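Residue numbers (the numbering used here), protein chains in the order written: chain C, 65 to 412; chain U, 18 to 332. Step one of this worksheet: look at the structure below.
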Amino acid sequence: MRLEPIAAPSLARRLGLPALALAATVLVASALAMLAGADPLATLGLILQGAVGSKFAALETLNRATPLIFTGLAVAVAFRAKLWNIGAEAQLYAGALLTVVVGTQAGLPGPLALPLMAGAAVLAGALVLLGPVLLKTRMGVDEVVTTLLLNFIMALLISYLLEGPLKDPMGMGWPKSPALPRDARLPRLAEGLRLHWGFALALICAAGIWLMQTRTTLGYEIRAVGLSPQAARFAGIPVGRVLVKTALISGGLAALAGFSEVAGLKGNLTADLSPGFGYTGIIVAMLALLHPLGVVVSALFVAGIFVGADSMSRAAGVPTYIADMLLATALLFMVLALLLTRMRVVRG
Amino acid sequence: MTELFDILMQASFWAAVLRIASPLIFATMGELICERAGVLNLGIEGIMVIGAFTGWIAVYAGLGLWPGVGVALLAGMAFGALHATLTVPFGLSQHVVGLGITLLATATASFAYRLALPEVTSPPRIEPFAPLHIPGLSDLPWLGEALFSQTALTWAGFGLAGMVAFVLYRTPLGLALRAAGENPQAVAAQGLSVTGLRMGAVIAGSGLMAVGGAFLTMSAFSSFFFEMVNGRGWICIALVVFGAWRPGKALLGALLFAGFDALQIRMQQTPLGQVVPYQVFLMVPYLLSILALILMSRRAEIPAALMTPFNRGER
Chain C
65 MRLEPIAAPS LARRLGLPAL ALAATVLVAS ALAMLAGADP LATLGLILQG
115 AVGSKFAALE TLNRATPLIF TGLAVAVAFR AKLWNIGAEA QLYAGALLTV
165 VVGTQAGLPG PLALPLMAGA AVLAGALVLL GPVLLKTRMG VDEVVTTLLL
215 NFIMALLISY LLEGPLKDPM GMGWPKSPAL PRDARLPRLA EGLRLHWGFA
265 LALICAAGIW LMQTRTTLGY EIRAVGLSPQ AARFAGIPVG RVLVKTALIS
315 GGLAALAGFS EVAGLKGNLT ADLSPGFGYT GIIVAMLALL HPLGVVVSAL
365 FVAGIFVGAD SMSRAAGVPT YIADMLLATA LLFMVLALLL TRMRVVRG
Chain U
18 MTELFDILMQ ASFWAAVLRI ASPLIFATMG ELICERAGVL NLGIEGIMVI
68 GAFTGWIAVY AGLGLWPGVG VALLAGMAFG ALHATLTVPF GLSQHVVGLG
118 ITLLATATAS FAYRLALPEV TSPPRIEPFA PLHIPGLSDL PWLGEALFSQ
168 TALTWAGFGL AGMVAFVLYR TPLGLALRAA GENPQAVAAQ GLSVTGLRMG
218 AVIAGSGLMA VGGAFLTMSA FSSFFFEMVN GRGWICIALV VFGAWRPGKA
268 LLGALLFAGF DALQIRMQQT PLGQVVPYQV FLMVPYLLSI LALILMSRRA
318 EIPAALMTPF NRGER
């Protein structure tokens, strides 16, 4: 077999194939539920109900989506430039770390606390990604492996800090940081609503990235570098500098996930702050076709699957890991479906 | 310094080096085969997890140790076949597919673990491979413990490295495989199937990665834990670069790396370990991997067609 480009893919092809990918994912989910001895339709219903079936469930999904919007954006921005940032997890923790360090400083003026914390977090996340990107542009070191390895190094650094210098003296021996004071917490969006300003900030970032990509020179340059670094260089675009700028934005966005989780939800830093938000951000970004506004939709979808699977698992006894399997399957089906919208398989 | 000398004089240190190197050797050889044929396999981390899980659960279910290794091999090959199908004939991004395979394989292991053992709080143990007694050699003072107290799986790993080197450089198949990673057009012009060669390499390589994972549960430890692979797959990708895509050098790299890893574990017990937090020691393997990548970055041995899909329709 070989592949042949399709000059003008029909609308049916462009919509039908992704829909088919989602349908195939649902089929896999049903098969997994049956494997676990549960009724497939009931399982899917319980996931849906657990994700959006009540006000509490929907708010839980929005809360879970918030860090995923940030990490999804971080990955989407970087992948657009073919900068393989797989280190959003490390950048998230760097952001969370600086959020706590700055936020717990005594004598921080109230109204300035949050902007300072966010700024420090963004800077930290950007710097964590800057290293691998400079190694890539200056020495040709592949960034996939360096960013991946930094995730493990960062986890150990956080573990050390939480057992040592950052340990909460009132924490009954648990490895956790002191709690942020009231002024350093992100307020809730509305009184009595269990949703904080981190969610709004995530939406603003998505809109901002969309404007940057469609309305600015940098957005154009990032796309050009992603399509072909050689052609971009030939067109006079400073490829290295564009990659560095992309990295600063990407790392900063991932760090905001850490800022928002600590200042908006948890109030302190623990080693289990992120259950893999950085890695899940890759799925979020890919399902959104790297589109910043699509990231919001796909983060809500992914968060819904996780929250729904948690609640379904308690009720139906299907392991909650069904969510991870579903999303990985969806990712692989989706990239294949997208290829087949542009290409046709021919024999021989 | 005397502590360092003391450690190097311990027979158990050298035994640990060989033990730590074993899973890395299997997985590094697997990745090397894939990359020499032109495919970057980022599924390695997840495939090691699935190998660790399937080998262990097969033995727990009553299979023998070697059949258990076979189960792990087959499980790895299955995920390899998925990876190969998506990246070779369809030419999808090797980055995205590889990460997708890692996520899928890791999730599959977790899901299957919970299905098989819904109630347990700590994973059951199996009777792992015992050290292979080599008459004469294993009884030598010091040397016997240092070098000849390993399980059969470790020896299989060294044998594998030799076999990979032999196949790659001494057989027509190896030549075709290397050419598929350097100049696929030339391979196709010879009437050989680039698609077939690359798919075969990815499937075989993925099987070896899974055996590397199985070493962890079936030889090094005796149970399965979710986090047990812990970045070893990514380290193996760095080792392939460090070894300049050559089996011999990659084998040396794995041993050198295992040496530093065994050393950092023992350094934690010395007076230095009283001053330096243990997390710094645990960072050493990851930092070394990054350092290895930087040191080797200027060298040009990288397969020319690595990560370039081949489509016969295109010229």
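Cβ coordinates follow ideal geometry from the N, Cα and C atoms, glycine included. The structure displayed is predicted, hence computed values, not measured ones.
Taking a contact as a CB-CB distance under 8 Å, the pair A227(U) and M65(U) counts as one, their CB atoms being some 7 Å apart.
When 7 Å is used as the limit between beta carbons, L209(U) is near no residue of chain C, the shortest such separation being about 15 Å.
Closer than 8 Å at the C-beta level to chain C, one finds these residues of the segment 312–325 of chain U: S314, R315. Each of P179(C), N149(C), R305(C), I217(C) was checked against the Cα of L304(U), and the nearest Cα belongs to I217(C). Within its own chain, the residues whose Cβ lies closer than 6 Å to the Cβ of D247(C), once the five positions on either side in sequence are excluded, are G174, A177, listed in chain order.
Excluding five sequence positions before and after A309(U), the CB atoms of its chain that fall closer than 6 Å to its own CB belong to A255, F259, given in chain order. When the five nearest sequence neighbours on each side are left out, the beta carbons in the same chain lying within less than 6 Å of the beta carbon of H260(C) are those of L250, R252, G328, in order along the chain. Note that the segment 262–277 of chain U does not touch the segment 204–220 of chain U; fewer than 3 beta-carbon pairs, one per stretch, sit closer than 8 Å. For V184(U), the uninterrupted alpha helix (DSSP H) run begins and ends at 169–187, by DSSP. Distance from the Cα of N58(U) is smallest, within the candidate group R316(U), A218(U), P158(U), P152(U), for A218(U). Per the coordinates, the alpha-carbon of I319(U) lies some 22 Å from the alpha-carbon of L291(C). For the segment 372–386 of chain C, the beta-carbon criterion of a distance under 7 Å to any beta-carbon of chain U is satisfied by P383, Y385, I386.
With respect to chain C, the C-beta atom of W262(U) has no partner C-beta closer than 8 Å. For M26(U), there is no enclosing beta strand (DSSP E); the residue is found in the alpha helix (DSSP H) stretching over 19–26.
Between P239(C) and E227(C), the gap from beta carbon to beta carbon is short of 8 Å.
DSSP, read as helix, strand or coil, puts V205(C) in coil. T334(C) has K240(C) as its beta-bridge partners, per DSSP. Chain U places no beta carbon closer than 8 Å to that of L132(C), leaving this residue out of the contacts. Put simply, the backbone Cα of I313(C) is about 42 Å away from that of P140(U).
Contact check between the segment 64–81 of chain U and the segment 24–37 of chain U: fewer than three CB pairs, one atom from each, fall below 8 Å, which does not count as touching. Identification of chain C residues near H112(U) by a Cβ-Cβ cut-off of 7 Å yields W148, V208, ordered along the chain.
Listed in chain order, the non-local C-beta contacts of V105(U) below 6 Å within the same chain comprise T212, R215, M216, local neighbours out to five positions each way being set aside.
The criterion of a C-beta distance shorter than 8 Å is satisfied by G315(C) and V192(C). Taking the beta carbon of A392(C) as reference, the chain U residues within 7 Å of it are G117, L120, L121, A124, listed in sequence order. The C-beta of S94(C) comes no closer than 8 Å to any C-beta of chain U. At a cut-off of 8 Å between beta-carbon atoms, F241(U) makes no contact with chain C. For T310(C) and Q167(U), the gap between their C-alpha atoms comes out near 49 Å.
Of all C-beta pairs linking the segment 84–94 of chain U to the segment 354–363 of chain C, fewer than three are shorter than 8 Å, placing the two stretches out of contact.
With contacts defined by Cβ atoms closer than 8 Å, G189(C) and A319(C) form a contacting pair. Counted as a single uninterrupted DSSP element, the alpha helix (DSSP H) harbouring R144(C) occupies residues 119–144.
Between the C-alpha atoms of R297(C) and T287(U) there is a straight-line separation of about 53 Å. In the displayed model, V382(C) falls within coil according to three-state DSSP, outside both helix and strand. At least 8 Å separates the CB of A106(C) from every CB of chain U.
With its beta carbon less than 8 Å from one in chain C, Y303(U) belongs to the interface. P69(C) is bridged by DSSP to M407(C). Contacts between I346(C) and chain U, judged by CB atoms closer than 9 Å, involve V113, L116, G117, L120 in chain order.
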